[in-house]
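The block underneath contains the structure these notes are about, expressed in structure tokens.
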Amino acid sequence: MLQSKLFTKTQKDIGDETSAGTRLLLRAGFIDKLAAGIYTMLPLGFLVLKKIENIIAQKMDELGAQRILMPALTPKKNWEITGRWNDLDVLYKIESQQKSEYALGATHEEIVTPLAQKFALSYKDFPFAIYQIQTKFRDELRAKSGLLRGREFLMKDLYSFHVDQKEFDGFYQRVKEAYFEIYKTMGLAPITLLTLASGGTFSKFSHEFQTITQAGEDTVYHCLNCGFSVNQEIKNDYPKCPECGSDNFDEKKAIEVGNIFKLGTKYSSVFGFEATGADGAKLPVLMGCYGIGLTRLLGTIAETGADDNGLIWPKAVAPFDVHLVELEARDGANDEKIKKTCQKIYQDLQKRDIGVLYDDRPQKSAGEKFKDADLLGMPARLVVSSKTLEKDSVEVKKRDGKETELIKIEKIGSYKF
RNA sequence: CGGGGCAUAGUGCAACGGCAGCACGAGUCCUUUGGGAGGAUUUAAUCUCGGUUCGAAUCCGAGUGCCCCGACCA
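Position one of the first sequence corresponds to residue 1052 (this note's numbering), numbered consecutively onward.
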């Protein structure tokens, strides 16, 4: 993409409100705040979000889950059946002109359970899992830290259905592993802890995936012996590590980037969802639900992967792989040559499926372009200037490194970014 | 929801109850071009409603919004 065509701009100064990562995303023009906890995904932020979505969707597909899209506008009746119309405080409730009441989906057990029930009648229809990636709405009393706790956010929610406890346990374990692979791809795995937590209104316990960051709102106790963690909310129940019995904990601030629950028959039973077994008897249906907040993940990566100069995107989620920076010649004599070289590199790299943001903006000083490149945080920066052309080269610098190297122009076509 | 803070130009900040300024941005022109360049010139603002006062950005009340701490959080 040509940077001169990008409708957003970077900002030097936006004050010191909200978290550091959110400030960078705002300054760099990845997101825009509409209201507290409500953000627009600008072109650069949306590109990251799409990459996150693809990574997650691919893992869900590998689990054998089938993707659907449920409505965000959901009738009151479904929530009354489970009692959550009144019990789920974060539910946004709205009324139609006809005085029918609806909730904006905060989670989808109430929708997915009767949906599955329509099709899964026999034990032979199990197990199966379905998921969606959809905007969720939660009436948070206090939205905070930018994307980390929003009132509207994009979430992947997966639901699994089983008639065999062992098989269910196996699936739950596979989801756990898939989640860690997702975090690994995004560079978060080394600072993300599997954490035992309260199950909220769903179940007694759940497992959370907690990424360590000062901007996080949870406190977790990380077992230094085995690596398992316990959320502060249930720490009274577990003075010792539930996995290994050690009491050598490290206290950490963390943000919940995923949560998985064994719902058991909690929702299937209230909807009367049972399967016919081989012997004709009714079998209880076991359910699991598994969530990952995509927008929160975007915020978490910005929060944890950044330095004083700006964002640092892991390659897998970077909006572009390469930031090609064109510097005008001091005397103007080489401008044409510099531009031609840039355009050729721009074309060649894109042919190799390398995403390129090309800073072709005229009249911008070198300093400003460098500052912007650091702020935007593409994994690699490529500079073409009079100085590099003197050596028939371009300069390559990795965003997470300090060194620059000169690469001959003819070799850039095979350079591994 | 309890507590605290804040609300002025597109953004970030100033202004004793007495002419609303500065920087950045944006526009035009000139000079610049390897770490957010310089000059000239233009542009653009006191959240809303009420009160006090000769006079309110400033004081008082209410509302709305935003941020922070806490509580809450599938």
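For every residue, glycine included, the Cβ atom is placed at its ideal position computed from N, Cα and C.
Top-ranked residue by Cα proximity to residue i, from the options
i, options, result
"Glu-1284", "Leu-1275, Gly-1251 and Trp-1136", "Gly-1251"
"His-1273", "Phe-1253, Lys-1255 and Ser-1297", "Ser-1297"
"Leu-1100", "Lys-1175, Arg-1347 and Gly-1156", "Arg-1347"
"Ser-1436", "Glu-1228, Asp-1411 and Leu-1426", "Asp-1411"
"Gly-1115", "Phe-1177, Leu-1076, Phe-1279 and Lys-1366", "Phe-1177"
"Lys-1303", "Gln-1261, Ile-1343, Glu-1294 and Tyr-1289", "Gln-1261"
"Pro-1290", "Val-1271, Val-1308 and Leu-1433", "Val-1271"
"Pro-1365", "Phe-1468, Lys-1286, Glu-1307 and Lys-1390", "Phe-1468"
"Ser-1147", "Leu-1166, Lys-1127 and Gly-1428", "Lys-1127"
"Asn-1287", "Leu-1247, Gly-1418 and Leu-1275", "Leu-1247"
"Ser-1070", "Glu-1131, Ala-1266 and His-1374", "Ala-1266"
Euclidean distance between Cα positions of residue i and residue j
i, j, result
"Leu-1345", "Glu-1387", "43 Å"
"Ile-1089", "Leu-1198", "8 Å"
"Ile-1311", "Asn-1299", "25 Å"
"Glu-1354", "Thr-1264", "7 Å"
"Arg-1225", "Tyr-1341", "11 Å"
"Thr-1059", "Arg-1381", "28 Å"
"Lys-1317", "Ile-1181", "18 Å"
"Pro-1370", "Ile-1460", "24 Å"
"Gly-1309", "Phe-1204", "14 Å"
"Gly-1331", "Ser-1249", "37 Å"
"His-1213", "Lys-1207", "20 Å"
"Asn-1137", "Thr-1091", "30 Å"
Bridge-paired residues (DSSP) for residue i
i, result
"Pro-1335", "Glu-1325"
"Leu-1408", "His-1374"
"Gln-1414", "DSSP lists no partner for Gln-1414."
"Cys-1274", "Phe-1300"
"Asp-1269", "Ala-1305"
"Val-1445", "Ile-1458"
"Ser-1249", "Phe-1256"
"Phe-1204", "Lys-1187"
"Ala-1086", "Ile-1089"
"Asp-1358", "Gly-1361"
"Lys-1313", "Gly-1339"
Inter-residue CB distance, residue i and residue j (contact presumed, cutoff 8 Å)
i, j, result
"Asn-1282", "Glu-1259", "6 Å"
"Ile-1107", "Ile-1233", "6 Å"
"His-1159", "Met-1121", "5 Å"
"Arg-1202", "Asp-1190", "7 Å"
"Ala-1367", "Thr-1243", "About 15 Å; that fails the 8 Å criterion."
"Gln-1149", "Phe-1322", "The pair is not a contact, with the Cβ atoms about 26 Å apart (cut-off 8 Å)."
"Gly-1339", "Phe-1222", "7 Å"
Distance CB(residue i)-CB(residue j) smaller than 8 Å
i, j, result
"Glu-1103", "Leu-1349", "Checking the displayed sequence, the identity of residue 1103 turns out to be Ile instead of Glu. Yes."
"Tyr-1153", "Thr-1133", "no"
"Lys-1449", "Pro-1430", "yes"
"Ala-1079", "Leu-1057", "no"
"Leu-1378", "Lys-1420", "yes"
"Tyr-1210", "Val-1141", "no"
"Arg-1135", "Glu-1113", "no"
"Thr-1053", "Tyr-1409", "Position check: residue 1053 holds Leu in this sequence, whereas Thr was assumed. Result yes, Cβ atoms of Leu-1053 and Tyr-1409 sit closer than 8 Å."
"Asn-1254", "Leu-1314", "The identity of residue 1254 in the sequence shown is Ser, whereas the question assumes Asn. Yes, they are a contact pair."
"Gly-1238", "Gly-1356", "yes"
"Asp-1359", "Thr-1061", "no"
"Lys-1187", "Gly-1156", "yes"
"Leu-1440", "Thr-1392", "yes"
"Tyr-1474", "Gly-1328", "The first residue shown for the chain is 1052 and the last is 1468, placing residue 1474 beyond what the model contains."
"Lys-1084", "Leu-1077", "yes"
Contact test: residue i Cβ vs the ligand HEM heavy atom, cutoff 7 Å
i, result
"Phe-1212", "Absent from the structure shown: the ligand HEM. Ligands present: none."
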